[in-house]
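> Chains as they are written, first to last, in this note's numbering: chain W, 196 to 501; chain R, 9 to 656; chain A, 209 to 568.
This structure is in structure tokens; I'll ask about it shortly.
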Amino acid sequence: MIARIIRRLLAGVVTIACIYTVTFVMVVSLPGNPFEQGGRHLSVEVEQALRARYHMDNNWLYFWEFLQGALRLDFGPAFTYNDWTCNQILASALPVSLLLGLLAMLIAVMVGVPLGVLGAVKRGGWLDAATSGFVLLGVSLPTFVTGSALLTVFAVYLKIFPIGGWGTLAHLPLPAIALSIPFIAYIARLTRVGMLDVLGSDFVRTALAKGVHPRTVVWKHALKVAFLPVLSFLGPATAQAMTGSFVVEKVFGVPGLGQHFVNAALNRDSGLVMSTVLVFSTLLVAFNLVVDLLYAWIDPRVSESV
Amino acid sequence: MMRLVWLVCATVLVGTLSVYSIQSHEPKADLTYVNPSGIHTLDPARMSWLQDFRIALNIWEGLTSLDPETLQPMEGAARFPPAVSENGLTFTFTIRPDARWSNGDRVMAKDFIRGWRRGMEPGCATDYTFLFTDHIAGAKEYVTWRREAVVVLTALSRLKEGWEITARQARGLVLHEAFQRALGSNTDLAHDLEHDAGGQDNEGVLAAKFGRLNLDWSALHEEILDEHATRMEERFARIGIDAPDDDTLIVRLNHHCTYFLDLMALPVFYPCHRSIELLREREPGAPITAQGLVVYDPQWTKPKYPRNGYPGLITNGAYRMSDWIFKRRVRLTVNPFFREAHALSCRVIDMLVFENSNVALMAYEAGDVDFLPSMAVSYDHEIARLVRTGRRDDFHLCPVLATHFWNFNCVSATVGRHRNPFVDARVRKAFSLVVDKERIVHNVLNRGDRVAHSFVPPDTLPGYTPPEGLARDVERARRLLEEAGFGGGEGLGPIEMLYTANDERLAQAMAKMWERELGVHIELRAKESKTFADDKANQRYMIARGNWYADYNDPTTFLNCLTTGNGNNDSGYSNDRYDQLIAEADTLRDPIQRAAMLRQAEAIIVEEDCPILPIFHYTEPIAIKAYVKGLVPNARLWFPFRYVSVEP
Amino acid sequence: MNHKTEPVQNRRRRAVAYAGNVRQGTWGWARGHHLAIAGAISLILMVTASVVTLPWSVQWFNVQGLDSAVRHPPSMMPVVAFEHYSAASATPKTSDRSRGLKPAPREELTRFVHRATSWCGHDDLGRSLLFRLLPAFLVSLAIGAVAALMAVGIGVAWGAAAALAGGRVDLVMMRIVDVLYGLPYVLMVILLKMALTPWLTSLFGGHSLYADLAVLLIAIGGVSWLTMARVVRGQVLSLRAEPFVEAARAAGAGPFHIFRRHLLPNLIGPVTTYATLVVPQAMLQESFLSFLGIGVQAPTPSLGRLAADGVEAVNTFVGYWWLIVFPCGILVVTLLALNFIGDSLRDAFDPKSRVHGPAL
């Protein structure tokens with residue numbers, strides 16, 4: 196088991212290194228100037244000196260320096276927001292996104308799995324139609340539409356929640372729900388397919404024939420197997436949800452990490468781009484590892500084959 | 009299985025709630041307003057965004073400040089008006105004895121010199137250095153000298169590491185005496201390099217030659233750095249800024265300047281407390297970096313920054329910043345040492361960040377926010393209608409000193425693979441004559457902007473009447489196009505229009521007008537803002553959107569942009585007569601004569617050469633709740649909160 | 209016997225009924241296909257409508273309306289006069305695409321089509337929303353289709369090559385897929401789009417419209433093949449162990465022959481299924497890019513772009529509901545239809561396959 200973890204960790208490190216390299220190459224090859232602000236132009240002399248100061252005039256050196264900094268958990272200055280370092284920006288945005296992402300995934304699992312099971316068990320009934328309808332609507336509408344709709348209905352007209360912003364418990368539910376909708380849909384779908392598959396298998400038939408209560412069979416025995424594909428989906432999905440969503444953050448005014456993926460790239464803020472990517476890929480590798488371990492724990496047969 | 013899920017869920021829930029409970033609940037602010045994007049920087053030497061200015065003008069105070077209604081300069085940290093010499097070129101400011109920093113220290117003349125110097129030194133300063141070099145005697149020489157040194161030192165710091173240098177850097181280095189000394193007896197080589205440096209075409213050759221030189225770059229770098237650092241103070245003293253004692257600041261100008269007191273209220277002219285020196289970054293033995301830059305730890309603007317004994321940001325305005333959470337909130341509280349601190353009605357002010365203006369407006373409607381300094385929503389025409397019909401007293405349309413225009417590329421022969429017809433002034437004029445600005449302003453945008461016939465907004469700058477500009481005349485446009493050899497649009501390739509997503513509607517409407525009236529084919533190119541800026545600055549466009557916000561109350565803030573070689577002259581326009589008129593106007597002391605000359609210059613750009621096509625002067629919709637008194641909509645969107653009172 | 213315990217007979221009967229409900233569900237199975245059929249029909253209807261009206265929509269989609277038509281709500285009667293549109297149709301150079309088209313169709317027909325112009329209202333430039341929706345639907349569908357084709361082309365080749373080569377090559381190839389998976393999607397698309405645009409624009413000789421579309425397709429298609437590659441690799445690996453492939457190999461068939469004759473026919477099922485599901489994903493991703501303002505270039509409409517433009521149309525002050533309802537409605541119907549078809553194909557071919565997560 197430990198050897199396996201170590202092997203996965205090593206592979207993870209290689210993956211992160213590759214991701215860093217790819218991102219670096221793309222960022223330095225972009226046109227545009229990170230030092231320029233507003234509509235005015237910087238003098239050439241000063242710009243070259245600034246580039247030299249941050250070792251941005253030599254890509255090799257910049258590559259290694261940033262990497263060394265990142266290993267010391269020091270991501271250097273942010274060029275667009277001069278007064279802040281990348282570390283501070285991450286420190287202010289990451290907790291928000293982690294919280295929101297965890298909550299969203301929690302909602303997604305707690306709503307999506309039962310929906311999927313119901314859809315599979317009541318296959319063909321009105322309940323299946325209703326859940327499928329909801330699920331497909333969830334996958335079919337862009338998040339900016341569902342988010343805006345939630346905001347308009349629950350905050351503007353019903354006045355249950357505050358309109359946008361961050362800072363109190365009341366600010367949490369709407370963005371979390373908006374963020375979870377596509378995941379709910381996806382998890383429900385995976386569960387339904389997995390469940391249908393399992394319900395047709397021999398062991399379910401045997402259990403039913405032996406007189407085990409159908410509810411127990413479905414929710415205890417079958418779900419345990421049907422949950423496996425959901426589990427492997429949850430790894431990357433949680434990493435994705437916890438690094439924020441640009442759309443949800445923009446619609447609800449949440450100061451999360453997702454905006455920086457977009458804005459840092461648009462501002463050519465190379466340091467911030469690479470730090471956000473490193474955070475994302477580290478989370479991704481970590482969650483894949485966790486999922487892997489859970490998988491092996493739930494279904495020991497898998498551990499040897501992967 | 010389910011038990012496991014529940015276990016995980018419960019842990020997560022507890023964890024998240026505990027993370028959450030860390031947030032402390034603070035009392036609500038007296039006034040809450042929204043910025044569409046976060047603060048870019050609070051360093052007065054670097055800032056160029058209006059939302060940054062808005063915070064800065066409340067936490068700092070310059071030698072003068074602006075009256076929130078009339079925008080005329082009035083008393084600031086110095087007595088008003090200052091003593092002006094006979095020839096109008098020397099200003100003597102006396103700092104008020106009760107001007108205090110937020111830690112209780114007296115504001116002194118030296119603090120202003122420190123702040124101003126940061127606005128000039130390469131490394132600290134960015135956009136507004138020109139305000140010093142254009143106006144203050146000796147500043148231009150100093151900044152040029154410093155920049156040259158930065159080029160040489162950057163080149164040497166690269167050569168030291170064995171990297172290539174650019175031709176611009178090579179040229180700077182060749183002309184430097186220390187380098188020539190280092191070459192020593194090898195005069196042939198020196199002569200050769202100097203000869204190469206004079207030429208324009210052999211950039212690569214020149215840069216490559218340095219790679220082969222076998223000099224001790226490290227020693228040379230150290231020598232030049234030392235020499236430069238020792239001379240810096242002496243060179244800086246030559247600038248026309250002097251502090252004979254703690255209360256007196258004498259400023260000498262290089263030309264007569266009617267708007268100088270207006271400039272003194274701008275952030276780049278704010279003072280700077282001496283505590284910043286604790287955060288100066290220096291090479292061993294020199295107060296500058298290896299590249300010759302003057303650099304401070306950029307975090308000096310934080311209210312709390314425990315490093316090297318730094319006390320946190322100290323300011324001299326009516327307020328001080330007590331809290332700054334990145335992209336979320338800035339909280340201002342009254343500066344207890346401010347002279348009228350006890351009289352201020354608005355004690356605590358919150359600036360919140362909402363990236364989405366629509367959400368900000370909804371929050372305003374719900375009463376969570378008291379003031380919106382901008383409402384960039386897609387239904388801004390609806391806002392304008394509500395104001396015009398008088399249905400909303402709390403919404404205001406502020407005509408601002410800003411112009412929306414389109415640049416024509418006046419220099420490049422080709423753009424992409426297509427010939428650029430706009431090098432011909434007749435084509436530019438033809439395109440300008442066709443656009444129906446009334447229609448764009450009233451039908452397409454319909455948000456209360458003012459149709460622009462000139463670059464400088466009319467009626468807003470004292471004593472200046474801009475020229476009438478061109479009236480729409482399609483027939484004349486077609487004739488002009490024919491004269492230029494493109495009758496009926498024949499021979500014109502696709503015309504590229506460059507803009508950012510915000511101007512989509514406008515660009516589409518304009519493209520339609522040109523296609524319909526001139527028979528040309530327009531290709532719309534919406535680019536994201538950085539690529540757009542890059543393409544525009546390097547003249548990789550035919551027609552590109554531009555906009556300009558006035559920095560101070562004078563036509564030159566607009567007109568200087570189109571002088572030859574100006575850093576913001578994106579159209580690449582160059583006309584000797586225009587440059588001459590602008591330069592000459594600066595020498596005139598009589599304001600009427602000066603205005604007439606500037607008007608003559610502007611007439612060249614809006615009536616003859618047409619390097620730009622002004623479309624409208626912006627109107628900014630803002631929202632102020634009725635219970636907020638003392639916030640006056642004005643043309644610079646300049647909102648000092650010290651005059652504000654909030655009725656319960 | 210405890211009276212509280214259910215008779216065993218009874219319990220067993222109910223269990224069987226339960227399982228029967230689960231297993232057979234004949235009605236449900238048929239209904240699933242009904243939905244797929246309904247989806248296919250609605251797709252065909254929408255495609256037909258868009259294609260049939262193409263001669264008018266390519267000329268009218270960017271015709272700006274008279275002042276009164278700006279943001280005019282839907283009405284059965286046309287708001288903009290016929291002459292306004294017919295003039296636009298007659299101008300030779302209104303749009304690049306109209307050049308290659310045949311002379312304008314007969315006037316009576318055009319008059320007839322003109323009656324529909326205000327059915328979906330007008331946008332903020334007074335353009336007919338219906339005649340923007342019709343080509344937008346095709347543009348979005350084309351983006352989805354090309355993304356699916358790219359996913360099929362690259363994904364099948366990559367996945368099959370990895371599985372057939374095996375060993376170290378397989379490891380490296382799948383590691384590359386892992387790395388690409390690990391890149392944050394949003395950032396990747398933005399970076400790709402910005403890095404490739406100048407390069408492609410010069411490649412297309414300054415024809416920025418094509419360059420833009422190409423970048424969009426590369427950005428969307430470039431990430432959609434990853435899951436396909438994994439699915440195909442898994443399929444090929446399991447197929448390779450099947451007796452008939454072993455037999456072919458024993459008979460001396462080369463790897464290429466085995467792939468073409470034995471593996472490819474067996475791959476068609478899962479590949480088609482997955483490709484159908486890529487289409488809605490790509491369409492959603494395009495809408496996301498449009499929301500960011502880096503989607504399809506104006507004035508070319510796409511469903512995502514129209515939805516993104518319309519999203520602020522509903523607020524506390526004004527409700528231009530048609531600007532959001534119609535684009536979203538069509539988007540939902542299209543995506544539902546595609547999902548139904550995809551699900552039903554998946555049920556038919558391979559109930560176990562999984563697809564990549566939703567785009568955020």
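All residues carry an ideal CB built from backbone N, CA and C; glycine is no exception.
Since the structure is predicted, the reported quantities are computational estimates derived from the model, not experimental observations.
Does W:G264 come out as helix, strand or coil in the three-state DSSP assignment?
Helix.
> Starting from W:F475, find everything on chain A with Cβ-Cβ shorter than 7 Å and list it in chain order.
Ordered by position in chain A, the residues that pass the 7 Å Cβ test against W:F475 are P392.
> Do you know offhand how far R:T422's Cα is from R:A53's?
So the two alpha carbons sit approximately 38 Å from each other.
> Applying the criterion that 16 or more other CB atoms from any shown protein chain within 10 Å of the CB defines a buried residue, is A:Q232 buried or exposed?
Low local confidence applies: a pLDDT of 38 at A:Q232 is under 50, so the model's placement there is unreliable, and no value is given.
> Out of R:N555, R:V115 and R:R179, state which residue places its alpha-carbon closest to the alpha-carbon of R:A251.
Nearest C-alpha to R:A251: R:V115.
> Classify A:D304: buried if its beta carbon has 16 or more other beta carbons within 10 angstroms, exposed otherwise.
Bear in mind that the predicted position of A:D304 carries a pLDDT of just 44, short of 50, making it unreliable; the figure below should be weighed with that in mind. A:D304 comes out exposed.
> Measure from the alpha carbon of W:H455 to the alpha carbon of each residue in W:S470, W:F447 and W:V446, then state which is nearest.
Among W:S470, W:F447 and W:V446, the Cα nearest to that of W:H455 is on W:S470.
> Determine, using beta carbons only, whether R:A330 and R:R339 come nearer to each other than 7 Å.
Before going on, a small fix: residue 330 of chain R reads as Ser here, not Ala. Yes, these two residues count as a Cβ contact at 7 Å.
> Would you be able to state if there are at least three C-beta pairs under 8 Å between the stretch 435-443 of chain R and the stretch 461-474 of chain R?
Short answer: they don't touch.
> Just to confirm my understanding: we take A:W237, look at its own chain, exclude 5 residues before and 5 after, and list those with CB closer than 7 Å. What are they?
Because the pLDDT of A:W237 is 41, which lies under 50, any placement of that residue in the model is unreliable, and the question is left without a value.
> A:V354: which of A:G247, A:V486 and A:S552 sits nearest, CA to CA?
Comparing Cα-Cα distances from A:V354 to each of A:G247, A:V486 and A:S552, the minimum goes to A:V486.
> Less than 7 Å between CB atoms is the rule here; does R:R355 satisfy it with respect to chain W?
It does not: the Cβ of R:R355 has no partner Cβ on chain W nearer than 7 Å.
> Measuring straight from C-alpha to C-alpha, what distance separates R:F647 and R:G46?
Each residue's Cα considered, the two are about 17 Å apart.
> W:Y509 versus chain R: which residues are under 9 Å apart at the beta carbon?
Shown here, chain W extends from 196 to 501; a query on residue 509 of chain W therefore has no answer.
> I need the boundaries of the alpha helix (DSSP H) containing W:Y215, first residue and last residue.
Here the alpha helix (DSSP H) through W:Y215 covers I197 to V223.
> Would DSSP call R:W109 helix, strand or coil?
Coil.
> Would you kindly check if the distance between the Cβ of W:G342 and the Cβ of W:V443 is under 7 Å?
Yes, they are a contact pair.
> State the start and end residues of the unbroken beta strand (DSSP E) segment that holds R:T72.
Where R:T72 is concerned, the enclosing beta strand (DSSP E) stretches over T72 to L74.
> Going by DSSP, what residues sit across from R:K637 in a beta bridge?
In DSSP, R:K637 forms a bridge with R:S653.
> Let me confirm a value: R:P622 is counted as buried when at least 16 other C-beta atoms fall within 10 Å, else exposed. Which label applies?
Buried, since its Cβ has 16 or more Cβ neighbours within 10 Å.
> So which residues of chain W does A:T480 contact, with C-beta pairs closer than 8 Å?
None at all; the shortest Cβ gap to chain W is about 17 Å.
> Keeping to the same chain, check which residues put their C-beta closer than 6 Å to that of R:E525; ignore five residues upstream and five downstream.
Closer than 6 Å at the Cβ level, and outside the excluded window around R:E525, lie V442 and V482.
> Got a sec: is the Cβ-Cβ distance from A:V526 to anything in chain R below 7 Å?
Output row for A:V526: interface = yes.
> Would you please verify whether the beta carbon of A:L399 is less than 7 Å from any beta carbon of chain W?
Chain W contact via Cβ: present.
> Give the secondary structure of A:A288 by DSSP, where H, G and I count as helix, E and B as strand, and everything else as coil.
Sequence check: residue 288 of chain A is Val here, not Ala. DSSP places A:V288 in coil when its eight states are reduced to three.
> May I have the straight-line CA-CA distance separating R:Y150 from R:T137, to the nearest angstrom?
Distance between the alpha carbons of R:Y150 and R:T137: 11 Å.
> Thinking C-alpha only, which one of R:E230, R:R243 and R:A163 is nearest R:F218?
Per the Cα distances, R:A163.
> At a cut of 8 Å, does the stretch 332-339 of chain A reach the stretch 388-408 of chain A through at least three beta carbon pairs?
As far as the Cβ criterion goes, the stretch 332-339 of chain A does not touch the stretch 388-408 of chain A, which means the pair count is below three.
> Does R:Y651 have its Cβ less than 7 Å from a Cβ in chain A?
No - not a single Cβ of chain A is within 7 Å of the one on R:Y651.
> Taking the Cβ atom as the reference point for each residue, do R:V652 and R:P76 lie within a distance shorter than 7 Å?
Against a cut-off of 7 Å, the Cβ pair of R:P76 and R:V652 comes out as no contact.
> In chain W, what lies closer than 9 Å to A:G512 by C-beta?
In chain order: P337.
> Taking C-alpha atoms, which residue in R:L352, R:E285 and R:E348 lies nearest to R:L321?
R:L321 has its Cα closest to that of R:E285, out of R:L352, R:E285 and R:E348.
> For chain R, is any of its Cβ atoms less than 7 Å away from the one on W:N282?
It does not; no Cβ of chain R falls within 7 Å.
> Can you give me the Cβ contacts of W:L391 inside the same chain, cut-off strictly under 8 Å, excluding the 5 residues immediately before and after it?
For W:L391, where only same-chain residues beyond five positions count, the Cβ hits under 8 Å are A315 and R318.
> Decide if R:E34 is buried, meaning its Cβ has at least 16 other Cβ atoms within 10 Å, or exposed.
By the 10 Å Cβ count, R:E34 comes out exposed.
> At which residues does the beta strand (DSSP E) containing R:G554 begin and terminate?
Here the beta strand (DSSP E) through R:G554 covers I551 to Y557.
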